[in-house]
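Working notes, beginning with the structure itself.
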Amino acid sequence: MLIDDSACASEPLKLLLVEDTDSERFYLSELLNQQGFQVTECRDGEQALAWFDDCQPDIVVSDWRMPGMSGLDLCRLLKQKERPPYVLMLTANSDTANLIQGIESGADDYLGKPFLPAVLKVRLLAARRQVCLNRRLRTQYDALRESLRSEYNLRNQLLEDLQNAASLQRALLPAKGFRHQGWSGLHHFASASHLAGDLFNVFPVDENHLGFFIADISGHGTAAALQAFALGLRLGPAHVDWRKQAPSEILSVVNRQFTDPGQGGQFATVQVGRIDCRSGDLVIANAAHPRPLLWRSDGCKQLDLEGGLPLGIEPEFTYQDHHLRLEPGDRLLLVTDGTYEGNHATRGRFGVTNITGTLMQTGWSAPEMALEQLFESILTWQDYSLQDDVSLLMLCAPEAF
Amino acid sequence: MKQQHIVESNALVVRLPSEVLMSQTPTYRAALLRHMDDGVENIIVDLSGVRYMDSSGLSILVSLHKKAREQGGRVVLVSPNDGVRALIELTSLNQLFDIYADEKSAIEQCVMS
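In order, the protein sequences belong to chains A and B. Under our numbering, the first residue of the first sequence carries the number 31, and numbering increases by one thereafter. Under our numbering, the first residue of the second sequence carries the number 16, and numbering increases by one thereafter.
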């Protein structure tokens, strides 16, 4: 069998020779030098051990019986090193019991004295093959370990980046306890992965109006999250004149700006609305987003709100405004489809009926508690293993205008 | 995903598998868009075997629609189950696609147009 010993081609193998008898050591040293080894000689085990770390031999040829540390004890200690050498034990006593004891101590081979130089040569040829194989394996192991370390570092870096990006995304959500002219905004949000494809906001437009939007980008992952981030900025009051532009116009503008450079068929369902805080007049435009729910003291139902196409499909699509009037005490609940599409293997879909049911069951008097209960019910339904982002935004009218 | 080219209507019939999720969408999308780049004008997407599709799956239909619009072709759908049909209607994508009960009707429609 041909052995690829290219791993040993660059320099001669280092060999540590341990032999207490001077004449034998000189003789062996000469033989080994002739075979091309780089030989270091030691008189005993203690010296061999002391020199080992500096010498870093590939092979140790050691006599068994020596004054002080025996060859066997030396072998046991050498085999505990981080990179143990190949050990060939030499002994005058070549009976079977000695052979077993020698191999059990960790020696790789065993040669009884006296021996023919040719026999030593072939034994060392075998040793050379073993060392070359070990070197090759070691090189591959080191390369694999380095590659694994790089991957691990990259993974940690990506994870940190994702966490930073998620913090930025969350910074776009409205502040807890939003209030404007007696109106309040409550919300809950959970993302299915590090980054979300949902977004929503509520903010004052001017002294007497508030604006809001909720959106869901198709797909999941980083591409959806980046699109959500960009959309959140484009819909925000810093980029759109919410005082002058009707919700339908805002949708049309943002629709024309929606780009899909990766040609991934990305689209977004969006709802945009503006409320006159003094009268409860609501103007709302819908781009294929799930219909909002109107919760009144006597019941909770989805609004009949015809939706246009999602953003990102037809750049020239014209969106429509819908005009409604909210009554004092009304609560408008905006949701993404993750709130009711969540599916459980045995329980099935959560569904809109469970949303209305949970709200009605929890009671009218404490909307914060009702929304929190609804949020928990949605998460529990899916055993906290979300298939899609869950967004709930509830706008509560004051008891009197 | 199984495909069949109908020469007389320059259409490709595509039968999507039982689940169309985010992990497979780039592959399906790339394969179908390549056919359209190679000159296929019309795509008939047979959804009869699809049990579950999420919004990533819908994005394939949107990609095909955009490409067909550029090239003067059309994309039609065949026999979605109730869940998939609800997803399509919920996102108003039924405004973009004609939906047929079976492949034969969809092919005939493509030939006529």
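Backbone N, C-alpha and C fix where the C-beta goes; we use that ideal spot for every residue, glycine too. Owing to the predicted nature of the structure, the values given are computational and were not obtained by experimental measurement.
Using a threshold of 8 Å, state whether the C-beta atoms of residue i and residue j are closer than that.
i          : j          : result
Met-424(A) : Leu-409(A) : no
Leu-281(A) : Ala-315(A) : yes
Leu-118(A) : Leu-141(A) : yes
Asn-231(A) : Gly-262(A) : yes
Gln-332(A) : Gly-372(A) : no
Pro-267(A) : Pro-358(A) : no
Leu-356(A) : Leu-312(A) : yes
Asp-419(A) : Thr-366(A) : yes
Gln-199(A) : Leu-225(A) : yes
Phe-219(A) : Gln-301(A) : no
Gly-337(A) : Ala-318(A) : yes
Ile-122(B) : Pro-95(B)  : no
Trp-272(A) : Arg-321(A) : no
So what's residue i in DSSP terms, helix, strand or just coil?
i          : result
Asn-384(A) : helix
Lys-151(A) : helix
Thr-106(B) : coil
Asp-271(A) : coil
Phe-431(A) : coil
Val-235(A) : strand
Tyr-116(A) : strand
Ser-407(A) : helix
Lys-119(B) : helix
Asn-316(A) : strand
Tyr-43(B)  : helix
His-353(A) : strand
Ile-33(A)  : A caution first: Ile-33(A) carries a pLDDT of 46, below 50, which makes its placement in the model unreliable, though a value can still be read off. DSSP places Ile-33(A) in coil when its eight states are reduced to three.
Tyr-414(A) : coil
Asp-138(A) : coil
His-50(B)  : helix
Lys-81(B)  : helix
Thr-299(A) : strand
Gln-18(B)  : strand
Leu-43(A)  : coil
Leu-341(A) : strand
Pro-87(A)  : coil
Gln-293(A) : coil
Asp-419(A) : coil
Name, in chain order, the residues that DSSP records as bridge partners for residue i.
i          : result
Phe-208(A) : Gly-215(A)
Lys-331(A) : Leu-324(A)
Glu-34(B)  : Tyr-67(B)
Cys-72(A)  : Val-48(A)
Met-424(A) : Leu-216(A) and Leu-363(A)
Phe-230(A) : Ile-244(A)
Ser-92(A)  : Val-48(A) and Met-119(A)
Val-91(B)  : Ile-59(B) and Asp-113(B)
Gly-378(A) : His-374(A)
Arg-304(A) : Gly-241(A) and Val-313(A)
Val-28(B)  : Gln-19(B) and Ile-59(B)
List the whole-angstrom C-beta distance separating residue i from residue j, where the pair is believed to meet the contact cut-off of C-beta under 8 Å.
i          : j          : result
Gly-368(A) : Val-77(B)  : So it is not a contact: roughly 19 Å between Cβ atoms.
Gly-292(A) : Ala-255(A) : Wrong, their Cβ atoms sit about 13 Å apart, outside the cutoff.
Ile-75(B)  : Ala-26(B)  : With 8 Å as the limit, Ile-75(B) and Ala-26(B) do not qualify as a contact, their Cβ atoms being about 17 Å apart.
Asp-69(B)  : Leu-31(B)  : Their Cβ separation, rounded to whole angstroms, is 13 Å, which puts Asp-69(B) and Leu-31(B) out of contact at 8 Å.
Leu-24(A)  : His-353(A) : Only positions 31 to 431 of chain A appear in the structure, and residue 24(A) is not among them; the question remains open.
Thr-70(A)  : Leu-107(A) : With a Cβ gap of about 17 Å, Thr-70(A) and Leu-107(A) do not count as contacting.
His-217(A) : Leu-202(A) : Not confirmed; about 12 Å, so no contact.
Leu-229(A) : Ala-245(A) : 5 Å
Can you name, in chain order, every residue of its own chain whose Cβ lies under 7 Å from the Cβ of residue i, other than the five neighbours on each side?
i          : result
Leu-404(A) : Ile-385, Thr-388, Leu-389 and Leu-422
Met-399(A) : Thr-392
Trp-325(A) : Arg-361, Leu-363 and Leu-389
Glu-76(A)  : Gly-98 and Met-99
Ser-278(A) : Ala-315, Tyr-349, Gln-350 and Asp-351
Glu-406(A) : none
Arg-308(A) : Asn-238 and Phe-431
Leu-339(A) : Ala-317, Ala-318 and Phe-347
Arg-55(A)  : Leu-47, Glu-49 and Glu-71
Leaving aside the five residues before and after residue i along the sequence, list all residues of the same chain whose C-beta is less than 8 Å from its C-beta, in chain order.
i          : result
Ala-67(A)  : The sequence given here places Phe at residue 67(A); Ala does not occur at that position. So the list reads Pro-42, Leu-43, Lys-44, Leu-45, Ile-89 and Leu-154, once near-sequence residues are dropped.
Leu-174(A) : none
Tyr-43(B)  : Met-16, Leu-31, Val-35 and Ile-75
Gln-412(A) : Gly-372, Asn-373, His-374 and Phe-380
Glu-160(A) : The sequence given here has Gln at residue 160(A), not Glu. Tyr-116 and Asp-138.
Thr-106(B) : Ser-70 and Leu-73
Which same chain residues end up closer than 6 Å to residue i when comparing Cβ atoms and leaving out the 5 residues on each side of it in sequence?
i          : result
Ser-248(A) : Gln-296 and Phe-297
Arg-89(B)  : Asn-57 and Ala-83
Gly-101(A) : Ser-92, Asp-93, Trp-94 and Met-119
Gln-19(B)  : Val-28
Gly-72(B)  : Val-35
At 7 Å on the CB atoms, spell out the chain C contacts of residue i, in chain order.
i         : result
Ile-75(B) : Structure shown: chain C not included; protein chains present are A and B.
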